[in-house]
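*Asks:*
Protein chains in written order, with the UniProt record's numbering: chain A, 1 to 422; chain B, 1 to 422.
#1: Just to confirm my understanding: we take residue 406 of chain A, look at its own chain, exclude 5 residues before and 5 after, and list those with CB closer than 6 Å. What are they?
#2: Any Cβ of chain B within less than 9 Å of the Cβ of residue 411 of chain A?
#3: For a test of the three-state rule: what should DSSP assign to residue 425 of chain A, helix, strand or coil?
#4: Please report the straight-line C-alpha distance between residue 277 of chain A and residue 248 of chain A, rounded to a whole angstrom.
#5: Compare the beta carbon distance of residue 321 of chain B and residue 342 of chain B with 9 Å and say whether it is the shorter of the two.
#6: So what's residue 425 of chain A in DSSP terms, helix, strand or just coil?
#7: Under DSSP, the alpha helix (DSSP H) around residue 371 of chain B begins and ends at which residues?
#8: Roughly how many whole angstroms lie between the Cα atoms of residue 318 of chain A and residue 399 of chain B?
#9: Could you pull out every unbroken beta strand (DSSP E) segment of at least 3 residues lying fully inside the stretch 248-280 of chain A, listed in chain order?
#10: Measuring only the C-alpha atoms, how far is residue 80 of chain B from residue 403 of chain A?
#11: Identify every residue that forms a DSSP beta bridge with residue 114 of chain A.
#12: Following the continuous alpha helix (DSSP H) through residue 342 of chain A, name the residue where it begins and the one where it ends.
#13: Whose Cβ in chain B lies nearer than 7 Å to the Cβ of residue 83 of chain A?
#14: Is residue 100 of chain A close to chain B? Criterion is C-beta to C-beta, closer than 9 Å.
#15: State yes or no: is the beta carbon of residue 69 of chain A nearer than 9 Å to at least one beta carbon in chain B?
#16: What's the gap between the Cα of residue 385 of chain A and the Cα of residue 87 of chain B?
#17: Looking only at C-alpha atoms, which of B/312, B/356, B/302 sits nearest to residue 89 of chain B?
#18: Looking at residue 109 of chain A and residue 388 of chain A, is the spacing between their C-beta atoms short of 9 Å?
#19: Can you find a CB in chain B that lies within less than 9 Å of the CB of residue 202 of chain A?
#20: Given a threshold of 16 other Cβ atoms within 10 Å of its Cβ, counted over all protein chains shown, does residue 70 of chain B qualify as buried or as exposed?
#21: Can you give me the C-alpha to C-alpha distance between residue 296 of chain B and residue 68 of chain A, rounded to a whole angstrom?
#22: Would you say residue 23 of chain B faces chain A, with C-beta separation under 9 Å as the test?
#23: For residue 338 of chain B, which residues of its own chain have a beta-carbon under 6 Å away from its beta-carbon, when the five flanking residues on both sides are left out?
#24: Counting Cβ pairs closer than 8 Å, one from the stretch 114-122 of chain A and one from the stretch 122-136 of chain B, do we hit at least three?
#25: Contact between the stretch 232-248 of chain A and the stretch 207-217 of chain A: three or more CB pairs below 8 Å?
#26: Closest to residue 169 of chain A by C-alpha separation, out of A/305, A/63, A/245, would be which residue?
#27: Between residue 369 of chain B and chain A, is the shortest Cβ-Cβ distance under 9 Å, so that the two count as touching?
#28: Could you tell me which residues DSSP pairs with residue 324 of chain B in its beta bridges?
#29: Tell me, to the nearest whole angstrom, how far the beta carbon of residue 273 of chain A is from that of residue 262 of chain A; I am working on the premise that it is less than 8 Å.
#30: Within the 9 Å Cβ cut-off, does residue 445 of chain B reach chain A?
#31: Within the same chain, show all residues whose beta-carbon is closer than 6 Å to that of residue 414 of chain A, passing over the 5 residues directly before and after it, in chain order.
#32: Return yes when the Cβ of residue 191 of chain A is within less than 9 Å of the Cβ of residue 365 of chain A, no when it is not.
#33: Give me the Cα-Cα distance between residue 312 of chain B and residue 336 of chain A, rounded to the nearest whole angstrom.
#34: Going by DSSP, what residue range makes up the alpha helix (DSSP H) through residue 299 of chain B?
#35: What residue from A/157, A/149, A/173 has the CA that sits closest to residue 184 of chain A's CA?
#36: Run down chain B in chain order and give the residues with a C-beta less than 7 Å from the C-beta of residue 104 of chain A.
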């Protein structure tokens, strides 16, 4: 790994992958086609892109049953325990409607209401993660969303990965469709004969999925445009090089565009981690991917001080941050931008990917500067509640009317005055 | 106003205004130009679109002083009282970081952190509302945002509206720029010599502003793409026709594309409201705008039952909903989709626009189905906190490793196992 001394505050952020105009026009075409031809368009794109002609887009009970035969009892138990941890954590995010009252009879508040229907996109291929199902479906259920739909591109034999189906079934999701890509996003946004539209679309995907989500944004809501995974480890000389190296590699193996960065004031640690990474890399099954990721987006930044290292971390605003210093808790208040913060030597990042409970859907590519990981909040909306009594309105009518006239809106003023006309 | 009987559940939603490809390419050009030429691009667009050549984009103390001379003491007091109400309401939305602990030493939680810097776009012309300043700046301040920037297009004489400047100054906003349109959004997203970039952009604007916000989304966060204002009044035979008519007109006067709709099971009320609207419309200063809005987007829907009327309301998912029935509170639980809910006869919609406290930035065009009005939540982000103790990790290491291997991610498994290697 490259070791660089960071002496000035630098801009380390990657540019956002926004797709080409050619990709965008392809996506626009697919969306238009799905809106025009519905299911038939979905089936023909599935044939073209996934290599299988489907009679029905729906996953059947039979397919679910077969999926269970391909998942061991041990894995099933782990999925169940992970689901329990995730539910336990997300339950604590749930918010209640509230009101405030005033003596003049005014009542103001916020009504929290779950979304009616949400769609979850689960990518296919190497990224077909049952954990994605858990992380998206459970907060929706905790929020109280009644209709939860999953779509995922089928394998060449027309099936979905067993782990995905088992995870979905364990959570009680009944509506699962075998369709991927921009066409799946179009179907979720606009609906087809088989797939009723949803109100918000969640889940990661390739550039076509991302562009499609961007295009349907407004028609429906979307969660975020997720980029490749990232880890930043903030460590001092007390940290263990082998542990840091293993954690860096766990992100690097995701994707050639994943990013794994160590920030430390210790040159000694930097050198030791670089050596350990080389050593551990050798025996990894996904060695080629991890090596390419480290080559392109990996780095070890050596700062003068720990305080400076914290500033570099805030500049990077990483998806995952591990704090492996002598007193990690002490730094928590200084960390302004990170999707998830893993504290101490035993909070290896994979703990959060699967099991601990917090959501693994997190802001990437520096967007932790302004956005948050997935939570129950993303599955509800808030409506203001306003009740004014007669005395409350009488008391304030003139002020409201004056303000309205200041903004040139006479009918606003008159609406209030109409109540007190003789 | 048109009166229609609604016998079936109908789709009443307007299509989203998404701009033309020509407008989009204009916007892309402006964004690219601002990135390339910075302040100089801002000044030349301001000359072109706003008709004034500025030496400096910054609002000076002198300009603030002059603005105060153009605002009466009464208006100033109302602005201050409105600000107090808005602050009081939004303070109650504030959330604290939280943790949960387990006996094995595990600590999980969420850290709430304010955004570093936000930009507020205030439209110019007839829509230059001081209330916009209050509604966007106060939740940012309650959230703890340190840097708050306002941009707004200047008048032909190179000034900003007095009300906007006074409202901004009352709240202590120091960074105010005289620039509007897509160029302002580009500056907020990418920065120029004068304007440092922000992390999230708020505020309404014309189609160019909306398209620009859409384009910079990802580089920064944006609040929402706001459409024309809307009101739906849900009323039964106990409601007063003159009050409903006045409230409908208060939305209709906003914009020719604004929408004002009455939904009622009472044909008698429908007829009376239609008559009252005609009568009150006659003497309105913004009669032409209100009449066009009613013609194009106004309607009175008459249903068979009140329950059916509630379903029509949910279908419309209005920005503003007034419930003027005998027992409005009783219907609250049935209303699933509305930006703000005004209950009872004395909660005229303008009460919420300026004064009561809840935010007037609300989801339009049916997006209340999946989104919420502006709140303190939009000015903070949440980071997960994960601390695993040695015993906690030891207890779960094997399960996490198994799950990782199920997803084909060996390095994830090894990262956990690395902690317990001899």
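Don't be surprised by glycine CBs; every beta carbon is placed ideally from N, CA and C. Predicted model only: the values in this text are computed from it and were never measured.
*Replies:* Straight from the coordinates:
#1: none
#2: Closer than 9 Å to some Cβ of chain B, the Cβ of residue 411 of chain A qualifies, so yes.
#3: Only positions 1 to 422 of chain A appear in the structure, and residue 425 of chain A is not among them; the question remains open.
#4: 8 Å
#5: yes
#6: Only positions 1 to 422 of chain A appear in this structure, which leaves residue 425 of chain A out of reach.
#7: Segment: none, residue 371 of chain B is in no alpha helix (DSSP H) and carries neither H nor E.
#8: 26 Å
#9: As far as the stretch 248-280 of chain A is concerned, its whole beta strand (DSSP E) runs of at least 3 residues are 259-264.
#10: For residue 80 of chain B and residue 403 of chain A, the distance between alpha carbons rounds to 11 Å.
#11: A/380
#12: Unbroken run through residue 342 of chain A is the beta strand (DSSP E), 340-343; no alpha helix (DSSP H).
#13: Simply none; closest approach about 11 Å.
#14: Interface residue, yes.
#15: no
#16: 16 Å
#17: It is B/356 whose Cα lies nearest to the Cα of residue 89 of chain B.
#18: no
#19: no
#20: exposed
#21: The alpha-carbon separation between residue 296 of chain B and residue 68 of chain A amounts to approximately 56 Å.
#22: With 9 Å as the cut-off, residue 23 of chain B does not count as an interface residue toward chain A.
#23: 318, 321, 368
#24: no
#25: no
#26: Among A/305, A/63, A/245, the Cα nearest to that of residue 169 of chain A belongs to A/63.
#27: yes
#28: B/235
#29: Between residue 262 of chain A and residue 273 of chain A the Cβ distance is about 6 Å, and since that is below 8 Å, they are a contact.
#30: Residue 445 of chain B is absent from the structure shown; chain B starts at 1 and stops at 422.
#31: none
#32: no
#33: 44 Å
#34: Segment 299-302 is the beta strand (DSSP E) holding residue 299 of chain B; no alpha helix (DSSP H) there.
#35: The shortest C-alpha separation from residue 184 of chain A is found at A/149.
#36: The contacting residues do not exist; residue 104 of chain A stays about 11 Å from chain B at best.
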